[in-house]
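Order-wise, the sequence lines are chains U and G. If you read the first sequence in this note's numbering, its first letter stands for residue 1, the second for the next number, and so on. If you read the second sequence in this note's numbering, its first letter stands for residue 1001, the second for the next number, and so on. Working notes, structure below.
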Amino acid sequence: MSLALVLTIARREFLARVRSKAFIVMTVLVPSFLGLYMLAVPMLAGSRNNDLRVAILDAGTGLGASLAERLRAIERPHIAITQTSATEAVDPTARDRLNGAIRDRTLDGYLMLERAESAPVRVRYFARQSGNPALLRELRLAVQSAVIGRLLEGTGVDSARVRSAQELDLGAVTVSDQGEREGGFGVAFASTMALAMLLYIAVLINGQGMATAIVEEKSSRLIEVILGAVTATEFMTGKILGVLGSGLTQLAIWILVAVVALLQAAPALAIGTTMSGIDLSTILSARLIFYFAVFFSLGYLLYSILFSVVAVTCTSTEELGQAMMAAVLPMVVSLMAAISVISNPATTTTRVLSLIPVFTPLVMLARVNLLMPPLWEVWLGIALLVGASITAGWAAGKIFQYALLMTGKRPTLPELIRVVKA
Amino acid sequence: MPTPALLCRQLIKTFDGTRALDGLDLTVDAGTIFGLLGPNGSGKTTTIRTSLGIYKPDGGSVEVLGSGDPLAVRRRTGYLPEERGLYARMKLQEQLAFLASIRGLSSAESERRSAAWLDRVGLAARAQSLTRELSKGNQQKVQFAAAVIHDPDLVVLDEPFSGLDPINSRLVKELILEQRAKGTTVVLSTHRMEEVEAMCESICLIHHGRAVLSGRLRDIKAKYGRNTIVVEHSGGPGCLNQVPGVQTCDDGGREARLRLEPDVDPQRVMRAVLDRVEVSSMRLDEPRIEDIYLETISASERSQ
C-alpha cells in the first residue's frame, strides 16, 4: 500500500468534507446554539423574571395576607403584589378582571387560593408565561410556608425555621477512585448527553457525507478512473482517514469554543440558575477530555469504516438512505445504553456493553464520566475497540475490492461473508 | 526482441462461476497502437481491468511493461475507462490536478500539467468552472487528459470516441497519435472500426473470453486477400443481393461491398454487377476490418 497515495486520497476527502455546507453549518451552529443558550439563560433569568407583578385572589382560605408577605420576601425574582382580594368563594368577575389585566400586560400573573377537601388549600397560578420551573418552585415554597405557618399558630414553633428547613437542598457528590465530584443526576445526565451527542452528531454528519460521496463516485463511474491509479484498499483507507481528519477538526473547534465559552460564561451561568454552586472544572476535567478524545477518535474510526462498507455495497443514493439505517442502529442503541448507564453506571450489563466495540465509545465514555471504572476495564475497552477497527478495516478492504465496481446489483450478505472469508 | 508493453498468457477470470476470460493470450508490442476488439460482453473490459491490476486473475499471468505485478508499474500506465465520470462539484483544474497527483506527480507538477492540458484541449478559460457546468464532450476531453497527464508508457483507452462530435473526435484522434509519436503504447478498445482501421497497427479480437483473431492488421488483411468488390452505383438498396459468386453483400444503397466466395473469378462477378445496375466506379479491394470482425465472430459463434 502506498502511503503517499493514501494521503492524496485522504487530503481530497478532508477538503471535500470541511468545505461542504453541512460541515460549515454544523461546526458553526453547534457552538453558536450552545453559546446562545449559555448567554440566554442568565439574561432571561436576570431580566424578565426580575420584577413580577402578581395579584392574590383568596377565595375563603384566609391565607392571602401571609402569602403576600412571603412572596414579597422572595429575592429573585422580585415580586410586587399589586392587590390581595379576599372573598368567600371564587368571584368570576374578579377573575375576568385579572385575566384581562394579564392580557393587557398590566399584570404578570395571579395566585388563586381555594378551599379544598383533601388538602389544606388548592392553589393555582394564572399567567401569560406559567412554565418557569424556578418561579413555580418559589411560589410553591411560599404557599407551603403560609399554610405551615397557619398550622403552627399557637404551637410555639417558629414558622421561619420551618421554612428554612423546607429550602434545604440535597447535594449529590459522586465518590470514585479519583476522588469526589459535586453534582448528581442532572449534571451527570447533562454532561454525558452532551459528550455522547457531540460524538453522535459528528459521526453521523461526516460519516453520512463520506458514504454519499462513495456512492456518487460509484454511480458516476468515477471510481474506475481512480482505481486505475490506486487500489481499493488505498482508496478506502484514504477516504476514512480524510473523514477522520474532518471529524477531529470539528471536534477541536468545538472543544476550543466550549472551553472559551465555559470560561467566559461560567460566572454568569452560576447566577440565577439551578447550576449555582457547581464547580465547572469538576465537570470538564483533563482526564475526561483525554478519554473523550480517545473514544471520539476510535469510535469515529470504527463507525466510518462501517459507514464506508455500507456505502460501497450500494449503487444509488436512494439505496444508501435505506442501508444507512443498519449502520446507524448500533449508534442509536449505544446512545440509549449510555442514557441507562447514567442511573446504573456499575451494573454487569453496563460493564459488558462497554466492552462491546460498537457500544464502547459511548457507553465506556459515559462510565468514565459518571463513575470511573477500574483502569484495566477502560483500556481493555480501548484495546478491543482498536482490534475491532483493525479487523473491520481488513474486512472492509476485501469488500471494497469486491463491491467497488459492482453496478446495478447489490451484493448480498452471504456474498460479502464469502468475500471476507476468501 | 523488445519487451512487449502488455503480455497476457492463458488469462482466466471467473465471476460467479462464469468465465469472463477463458485462457486469453494477448501480446501488445511497445510503441504501437493496438486495437482490442470484441462484441459487448466478450471480456474486453475484464481484460483491461485484469491487465491494470484492478482485478486479480484466477489463472494465467499478466506482464505489464516487463513487470509481473501491474500495480508495481501503475505510475507508468494510464486508463480511460468506458464507464467514466468526474467529481461533479469540483473545479476543473483542481480535479485534473487531483487525478494527476494520484498518478504520483508532485503537487506543483500536477498543477502545472493540469493547466497545460486544459489549454491543450481548449478548456483553459473554464479552469475554475465546476465539472457539472461542462458539456459531456468537454468532460470527456478532461477525462482523456487525466489518463495521459502523467506521460504514461502504456495507456488504455476504452471507447475514447463515444459521445464525441466530429470536431472533438478529431481532436481526441490527434491526441492519441501524439501519444503514439512520443513512444507511448496505446491500447484502444472501441467499436468504431473505421478508427481501428485508420490508427491500429495490431489487433486482438476477443470472443467469449478468448482471442479468436490477433496479429498485425496488415498481415491479417493480407491473409484474407483482395476478395472484396466495392461498387458505387445508383441502383438503390438490395439490387445486388443475388449476384452469383458473392458470399455477403453490404449495400448501403449508393455503395456496396461484395465479399466473394472462395476461388471465384472477380471479373465474372464484376460483369454480373454491370449487367444489373448503373455503376459509377468499381474496384477490387481488401476486406475491411469490420468485415473480418463479423466473419470471425460468426465463425466463432458457429463453433461454440
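Note that beta-carbon positions come from the ideal geometry of N, C-alpha and C, so glycine has one too.
Query: Other residues of its chain near U/F14: CB distance less than 7 angstroms, five sequence neighbours each side excluded; Result: G242, G245, S246
Query: Alpha-carbon to alpha-carbon, U/L7 and G/S1106; Result: 13 angstroms
Query: Rounded separation between G/F1098 and G/G1031 - CA only; Result: 27 angstroms
Query: Neighbour list for U/Q226 in chain G, Cβ cutoff strictly below 7 angstroms; Result: The residue asked about is misnamed: residue 226 of chain U is Ile in this sequence, not Gln. Result: I1102.
Query: Where the stretch 1057 to 1068 of chain G meets chain U: residues whose CB sits under 8 angstroms from a CB there; Result: none
Query: Below-8 angstroms beta-carbon distance, G/I1054 vs any chain U residue; Result: yes
Query: Where G/E1083 meets chain U, residues with beta-carbon distance less than 7 angstroms; Result: R221, E224
Query: Cross-strand partners of G/A1256 (DSSP beta bridge); Result: G/V1231, G/D1251
Query: 8 angstroms Cβ cutoff, G/Y1079 in contact with chain U; Result: yes
Query: Sequence-distant residues of its chain with Cβ nearer than 6 angstroms to G/V1230 (five each side left out); Result: R1257, R1283, D1285
Query: Neighbour flag for U/V54 against chain G, beta carbons, 8 angstroms; Result: no
Query: Run of the beta strand (DSSP E) containing G/G1078, from where it starts to where it stops; Result: 1077 to 1080
Query: Contact belief for U/A366 with U/A258 at Cβ below 8 angstroms, rounded distance in angstroms; Result: Actually they are not in contact, since the Cβ atoms of U/A366 and U/A258 sit about 18 angstroms apart, beyond 8 angstroms.
Query: Contact list for the stretch 1198 to 1229 of chain G against chain U, Cβ threshold 7 angstroms; Result: none
Query: G/I1054 - DSSP class collapsed to helix/strand/coil; Result: coil
Query: Closer than 8 angstroms to chain U by CB, G/R1019; Result: no
Query: Inter-residue spacing [alpha-carbon to alpha-carbon] between U/I417 and G/R1112; Result: 45 angstroms
Query: When U/A202, U/W376, U/K421, U/S389 are compared against U/E30, the one with the closest alpha-carbon; Result: Inspection of the sequence shows that residue 30 of chain U is occupied by Val rather than by Glu. Measuring from the Cα of U/V30, the nearest candidate turns out to be U/A202.
Query: Residue-level contact to chain G via CB, U/T231, 8 angstroms cutoff; Result: yes
Query: Exposure of G/W1117, with buried meaning 16 or more beta-carbon neighbours within 10 Å; Result: buried
Query: Segments assigned alpha helix (DSSP H), at least 4 residues, entirely inside the stretch 1149 to 1198 of chain G; Result: 1166 to 1181
Query: Proximity test, Cβ basis, 8 angstroms: U/R410 and chain G; Result: no
Query: Collapsed DSSP secondary structure at G/K1091 in the structure displayed; Result: strand
Query: Residue environment, G/V1040, which counts as buried when at least 16 other CB atoms sit within 10 Å; Result: The sequence shown places Asn at residue 1040 of chain G, rather than the Val named in the question. By the neighbour-count rule (16 or more Cβ atoms within 10 Å), G/N1040 is not buried but exposed.
Query: Per-residue contacts from G/L1322 into chain U (C-beta, under 9 angstroms); Result: The requested residue 1322 of chain G is not part of the displayed model; chain G covers only 1001 to 1304.
Query: C-alpha distance - U/M275 paired with U/L139, whole-angstrom precision; Result: Any reading at U/M275 needs caution, since the residue's pLDDT is 44, under 50, leaving its predicted position unreliable; the model's value is listed next. For U/M275 and U/L139, the distance between alpha carbons rounds to 20 angstroms.
Query: Span of the beta strand (DSSP E), counted from its first residue to its last, around G/I1012; Result: 1006 to 1015
Query: Any C-beta of chain U under 8 angstroms from that of G/R1112; Result: no
Query: Nearest-angstrom Cα separation, counted from U/V378 out to U/R105; Result: 57 angstroms
Query: Where U/E318 falls, given that 16 or more other Cβ within 10 Å makes a residue buried; Result: exposed
Query: Rounded straight-line distance, which links the Cα of G/E1194 to that of G/L1177; Result: 15 angstroms
Query: U/I305, DSSP secondary structure in three states; Result: helix
Query: Reduced DSSP secondary structure (H/G/I, E/B, other) of U/R115; Result: coil
Query: Residues in the stretch 1131 to 1149 of chain G having any Cβ partner in chain U nearer than 9 angstroms; Result: Q1143, A1146, A1147
Query: Whole-number beta carbon distance between G/Y1079 and G/L1096, since they are thought to touch under 8 angstroms; Result: In fact, because the Cβ distance is near 15 angstroms, the residues do not count as touching under 8 angstroms.
Query: Secondary structure of G/E1201, DSSP reduced to three states; Result: coil
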